[in-house]
Amino acid sequence: MQEEFGIIIPEGSYDIEDINKFIQQKMKQNGHYVNVTLSANINTLKAVLILENNYHVDFRPEASICSLLGFNKAVYTSDYQESENPVTPPNLVYLPIIRRVIE
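What follows is the structure in structure tokens.
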């Protein structure tokens, strides 16, 4: 069973690629390697969460960025999960901001 830990993203301006890089860095610092990947589906403007090796992501905590990424407050366990809603438009959010989905 994997050790559970939270990842706190500092206040700032991020795109999905930046958030993914931050998640990868924190996972490696905690002894985990490329088991959670976040990306964008540029056709639907939704976030894509890929989980490997039975990992899960819990978006239920109060300070979660789930709504910015279009996910519900839930625990995600599927290998491939697309957010239920589009990523929040960049001009409506601040902490953390997702400035661009498509470059």
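Numbering (the numbering used here), first residue to last: 1343 to 1445. Using N, Cα and C, we set each Cβ at its ideal position, and we do this for glycine too. For clarity, every value in this text was computed on a predicted model and none was experimentally measured.
message = Alpha carbons only, please: which of Arg1402, Pro1403, Pro1428 is nearest the one belonging to lysine 1388?
response = Pro1428
key: serine 1425 burial status per 10 Å Cβ neighbour count (16 or more: buried)   = buried
message = Let me check understanding here. Comparing Cα to Cα, which of Tyr1356, Glu1394, His1398 lies closest to tyrosine 1418?
response = His1398
ask   = Can you tell me the Cα-Cα spacing of isoleucine 1407 and asparagine 1395, whole angstroms?
value = 23 Å
task = Would you mind sorting leucine 1434 into buried or exposed? The rule is 16 or more other CB atoms within 10 Å of its CB.
result = Low confidence applies here, because leucine 1434 scores a pLDDT of 40, under 50, leaving its location unreliable; read the following figure in that light. Looking at its Cβ environment, which holds fewer than 16 other Cβ atoms inside 10 Å, leucine 1434 is exposed.
Cβ neighbour criterion (16 or more within 10 Å) applied to phenylalanine 1413 = buried
ask   = Where do the ends of the alpha helix (DSSP H) carrying isoleucine 1361 lie?
value = 1358-1371
inquiry  = Taking the beta carbon of alanine 1382 as the centre, do at least 16 other beta carbons fall within 10 Å, making it buried, or is it exposed?
reply    = buried
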